[in-house]
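So the sequence shown is residues 1 to 224, counted in our numbering.
The structure under discussion appears below in the form of structure tokens.
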Amino acid sequence: MALASRLVSKSRQLCGTQTILLREHAVPVRFFAKEAAPAALKGDEMLKNIFLEVKKKFETAIGVLRKEKITIAPEDPAAVAQYAKVMKTVREKADLFSESQRIQYTIQTRTQDIPDARTYLLTLKEIRIKRGLTDDLGAEVMMMDALEKVEKEIKKPLMRNDKKGMALLMAEFDKVNKKLGIQREDLPKYEEQLELKIAKAQLEELKKDALEAMETQKKRQGRI
Numbered sequence: 001m002a003l004a005s006r007l008v009s010k011s012r013q014l015c016g017t018q019t020i021l022l023r024e025h026a027v028p029v030r031f032f033a034k035e036a037a038p039a040a041l042k043g044d045e046m047l048k049n050i051f052l053e054v055k056k057k058f059e060t061a062i063g064v065l066r067k068e069k070i071t072i073a074p075e076d077p078a079a080v081a082q083y084a085k086v087m088k089t090v091r092e093k094a095d096l097f098s099e100s101q102r103i104q105y106t107i108q109t110r111t112q113d114i115p116d117a118r119t120y121l122l123t124l125k126e127i128r129i130k131r132g133l134t135d136d137l138g139a140e141v142m143m144m145d146a147l148e149k150v151e152k153e154i155k156k157p158l159m160r161n162d163k164k165g166m167a168l169l170m171a172e173f174d175k176v177n178k179k180l181g182i183q184r185e186d187l188p189k190y191e192e193q194l195e196l197k198i199a200k201a202q203l204e205e206l207k208k209d210a211l212e213a214m215e216t217q218k219k220r221q222g223r224i
């Protein structure tokens with residue numbers, strides 16, 4: 001039970017920021033109505049409903065984990081793949097976000113009212129840093145350089161409602177993607193790779209915790 005609870009709660013995000021940015025530009029971000037509480041509910045009733053919803057999701061997740069076999073071996077690709085599969089089942093059964101969906105939702109809510117492209121890109125960078133994500137390929141710098149090129153061409157700051165200017169920027173982003181060797185049609189593959197990285201990181205943490213717990217238990221037994 002304790003292990004199952006920790007599996008539900010642990011989450012570490014490890015991916016290149018280019019995957020997030022590509023997903024944001026290539027595919028419309030979905031709105032998740034399930035995240036919003038009904039406006040008509042009063043404070044106490046709303047909190048009660050939120051608590052019951054969270055409790056239901058947690059119990060559903062625990063139910064799945066009790067039935068599944070998990071091998072805590074982050075060094076074994078097969079164990080990592082199996083763990084990722086189990087956690088995907090947990091998310092589907094408990095109606096939870098995947099990491100990529102959670103990142104998309106954060107981007108959508110944080111940037112929807114931003115009028116200009118520069119602030120938008122800077123906000124994406126801020127989100128990446130706060131979530132502990134890395135930009136191993138240097139995509140951010142290349143995208144900002146692309147924006148500089150477009151703004152120099154149109155001779156004014158690029159606004160997101162400027163269809164012509166944004167089309168120019170998207171064309172430049174396509175060039176960036178090509179340099180990075182990233183194809184839009186491969187986005188599902190990138191998301192799968194992200195989930196595998198997360199699964200491996202979670203297993204590494206669980207293995208570390210398990211070894212620490214065993215060591216602590218040994219020390220306690222040695223004092224008896």
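All C-beta atoms in this analysis are idealised placements derived from N, C-alpha and C, irrespective of residue type, glycine included.
Distance between beta carbons of residue j and residue i, contact taken as under 8 Å
| i | j | result |
| --- | --- | --- |
| M159 | P188 | Contact doesn't hold; Cβ gap of about 32 Å is too wide. |
| A146 | V176 | 6 Å |
| P74 | L203 | 4 Å |
| A94 | A61 | 5 Å |
| L52 | V90 | Not quite, the Cβ-Cβ distance comes to about 19 Å (not below 8 Å), so this is no contact. |
Beta carbon of residue i nearer than 8 Å to that of residue j
| i | j | result |
| --- | --- | --- |
| K207 | V80 | no |
| L96 | K57 | yes |
| R110 | P157 | no |
| R128 | D136 | no |
| E99 | I182 | no |
| L124 | I107 | yes |
When the options are compared against residue i, the one with the closest alpha-carbon
| i | options | result |
| --- | --- | --- |
| L194 | I103, I72 and V176 | I103 |
| T71 | E192, L133, I62 and K85 | K85 |
| E148 | L133, G165 and G132 | G165 |
| I154 | D145, L168 and I107 | L168 |
| M170 | L121, V64, N49 and R220 | L121 |
| V150 | G132, R131 and E172 | E172 |
| Q101 | G222, N161, M214 and E191 | E191 |
| E92 | G63, Q112, Q221 and P77 | G63 |
| K69 | E59, Q82, M143 and D76 | Q82 |
| M143 | Q112, D113, K178 and K163 | K178 |
| A78 | D113, L196 and K163 | L196 |
| N225 | K67, Q112 and K88 | Lying before the first or after the last residue shown, residue 225 is absent from the chain, which here runs from 1 to 224. |
Continuous alpha helix (DSSP H) stretch holding residue i: start and end
| i | result |
| --- | --- |
| E92 | P77 to A94 |
| Q112 | Note, Q112: premise wrong, no alpha helix (DSSP H); not H, not E. |
Item to complete: Could you name each continuous alpha helix (DSSP H) segment of 4 residues or more that falls completely within the segment 143–184, going from the start of the chain to the end?
Response: 163–180
Fill in: 4 or more residues per run - each alpha helix (DSSP H) lying fully within the segment 41–68
43–67
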